[in-house]
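Chemist:
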Amino acid sequence: MKKKTLLIGLAGILGILMLVISQADRHQQSPVLRLSGGPDGSTSQRFVEDLAGLLHRGLSPARVKALPSAGSRANLAELQRGEIDLALAGTEDTYRDLNNPSGKAGGSTNLALLAQLSGTYAQLLVPQSSPLKVPGDLCGKRIAIGNPGSDSAVTAKRYLQAMQLWARITPIYVGYELALQELVNGSVAAVWMVSGVPNEAVQKLQYSFPLRLISPWPEPSATEQELAFYQDFPFYEQAIVPALSFPEQTEPLRTIGVPVLLLADSNLAEETTFRILNLLFTPHSDTPARQRSALHQLQLTNALPNITIPLHPGALRFLKEYF
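Sequential numbering of the sequence shown, starting at 0, is according to numbering that gives the first Met the number 0.
(1) Could you compute how far the alpha carbon of LEU124 sits from the alpha carbon of PRO60?
(2) Spatial neighbours of LEU75 within its chain, please: CB distance less than 8 Å, with the 5 preceding and 5 following residues excluded, ordered by chain position.
(3) What does DSSP give as the partner residue(s) for LYS156 in the beta ladder?
(4) Count the other CB atoms, across all protein chains shown, that sit within 10 Å of the CB of GLU250; report buried if there are 16 or more and exposed otherwise.
(5) If we cut at 8 Å on Cβ distances, does SER244 have a partner in chain B?
(6) Give me whichever residues DSSP pairs with ASP264 in a beta bridge.
(7) State the beta-bridge partners of LYS64 as determined by DSSP.
(8) Would you kindly work out how many angstroms separate the C-alpha atoms of LEU226 and LEU58, rounded to a whole number?
(9) Put GLY148 into one of helix, strand or coil per three-state DSSP.
(10) Applying the criterion that 16 or more other CB atoms from any shown protein chain within 10 Å of the CB defines a buried residue, is THR272 buried or exposed?
(11) Taking Cβ to Cβ, would you say PRO126 is nearer than 8 Å to ILE144?
(12) Any chance the region 128–144 sits against the region 179–187, with 3 or more Cβ pairs inside 8 Å?
(13) Buried or exposed, going by whether 16 or more other CB atoms sit within 10 Å of the CB of THR281?
(14) Is it right to say PRO134 is buried, meaning 16 or more other beta carbons lie within 10 angstroms of its own, or is it exposed?
(15) Is THR119 helix, strand or coil by DSSP?
(16) My output table needs one value for THR271: the three-state DSSP class, helix, strand or coil.
(17) May I ask you to list the residues that DSSP assigns as paired with LEU310?
(18) Check this for me: beta carbons of LEU112 and ALA238, under 8 Å apart or not?
(19) From the DSSP output, read off the bridge partner residues of ARG141.
(20) Can you tell which of LEU177, GLN224 and LEU212 has the C-alpha that lies nearest to the C-alpha of LEU164?
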């Protein structure tokens, strides 16, 4: 009886061990790919959630998780620590991270570039009926520029200082939605925002309160001020807001581009990163699910940023085949 009980016990232990091994094998075969974009509800996080859905279907059996974060700087830190595999980050944060003056030679070593994505645009918005036509008309006005420390507020201050306008306006530090309400109420004369085009909040407002875009660079050709701006801040780029992005905007408008980078842990497998880029940018990946997501506007029109970032081997392989 004791022998029978012992055999049953050993069989039970063996069964448990087999189950554990089976679970371990399954996890080895189905690695978790961790992505971070930004805070819950943000444009960046919605983008990586859509990206996670695309990759989950295209990288089977890999499991993909879209993890919220505090934003670009937090994403860079988590990539360095190996806590995530893919992340969105701004060019400025990446530039400063790679040129870390803390004494570590070369700054970060765990970051690798996959691609520069369709970025965001600096937008100077006024009511369609506003008498303001060019940036110089902002003198003496209250301008909503974004929350303190935001990309929008930082970019606005740099631009307005370059144009010698910063000391001649009153900056109002509020988020986009409140800023647009203030514009409707007449509490501010203009709203500066850095976002994609079209911006969802702006689109909703257009039906009841049409807006107009003022180009930060109104001259038809680059001025000394404009060229100096991009020399001083190489993480920005010249960008064009397409015609018809706003009512009665019949011509493209030159503005400041704030690119977004798709970065990876440099230790992520080359084959994995190659497949990710293939899913993102090749025509056969343009599925109905992609068309309904934030990915449908993604284009590989300018794959590499103005700043120097180590390119992931999988990205190099993809670019060679793509171009």
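Glycine included, every Cβ here is placed at the ideal spot set by N, Cα and C.
Modeler: Reading from the atomic positions:
(1) For the purposes of this step, residue 124 is taken as residue 125 along the sequence shown, with counting starting at 1. For the purposes of this step, residue 60 is taken as residue 61 along the sequence shown, with counting starting at 1. Using only the alpha carbons, I get a separation of about 46 Å.
(2) For the purposes of this step, residue 75 is taken as the residue at position 76 of the sequence shown. Excluding residues within five positions, the ones whose Cβ falls inside 8 Å are ALA86, ALA88, ASP92, THR93, ASP96, SER107, LEU110 and LEU262.
(3) Translated into positions along the sequence shown, residue 156 becomes position 157. Its beta-bridge partners do not exist; DSSP assigns none.
(4) Against the sequence shown, residue 250 aligns to sequence position 251. It is exposed - the Cβ of GLU250 has fewer than 16 other Cβ atoms within 10 Å.
(5) The chain labelled as chain B is not found in the depicted structure, where only one protein chain is given.
(6) Here residue 264 is taken as the residue at index 265 of the sequence shown, counted from 1. Its beta-bridge partners are LEU110.
(7) Here residue 64 corresponds to residue number 65 of the sequence shown, with the count starting at 1. Looking at the DSSP output, LYS64 bridges to ARG33.
(8) Reading the sequence shown from its first residue, position 227 is the one you call residue 226. Reading the sequence shown from its first residue, position 59 is the one you call residue 58. Cα to Cα, LEU226 sits roughly 43 Å from LEU58.
(9) Residue mapping note: residue 148 aligns to position 149 of the sequence shown, counting from 1. In this structure, GLY148 counts as coil in the three-state DSSP scheme.
(10) Locating residue 272 in the sequence shown gives position 273, where the first residue counts as 1. Buried: at least 16 other Cβ atoms inside 10 Å.
(11) The count along the sequence shown starts at 1 and reaches residue 126 at position 127. The count along the sequence shown starts at 1 and reaches residue 144 at position 145. Going by C-beta atoms, PRO126 is not nearer than 8 Å to ILE144.
(12) Output reads yes: the region 179–187 touches the region 128–144.
(13) Within the sequence shown, numbered from 1, the residue matching residue 281 stands at position 282. By the neighbour-count rule (16 or more Cβ atoms within 10 Å), THR281 is not buried but exposed.
(14) Taking the sequence shown and counting its residues from 1, the one referred to as residue 134 is at position 135. Classification for PRO134: buried.
(15) Your numbering for residue 119 matches position 120 in the sequence shown. DSSP, reduced to helix, strand and coil, places THR119 within a strand of the structure shown.
(16) The residue you call residue 271 lines up with position 272 of the sequence shown. Reduced to three states, the DSSP call for THR271 is helix.
(17) Here residue 310 refers to the residue found at position 311 when the sequence shown is read from its first residue. Its beta-bridge partners are LEU112.
(18) In the sequence shown, residue 112 corresponds to position 113, counting from 1. In the sequence shown, residue 238 corresponds to position 239, counting from 1. Not closer than 8 Å, so no.
(19) Walking along the sequence shown from the start, residue 141 turns up at place 142. Per DSSP, THR169.
(20) Residue numbering aside, residue 164 sits at position 165 when the sequence shown is read from its first letter. Of LEU177, GLN224 and LEU212, the residue nearest in Cα terms is GLN224.
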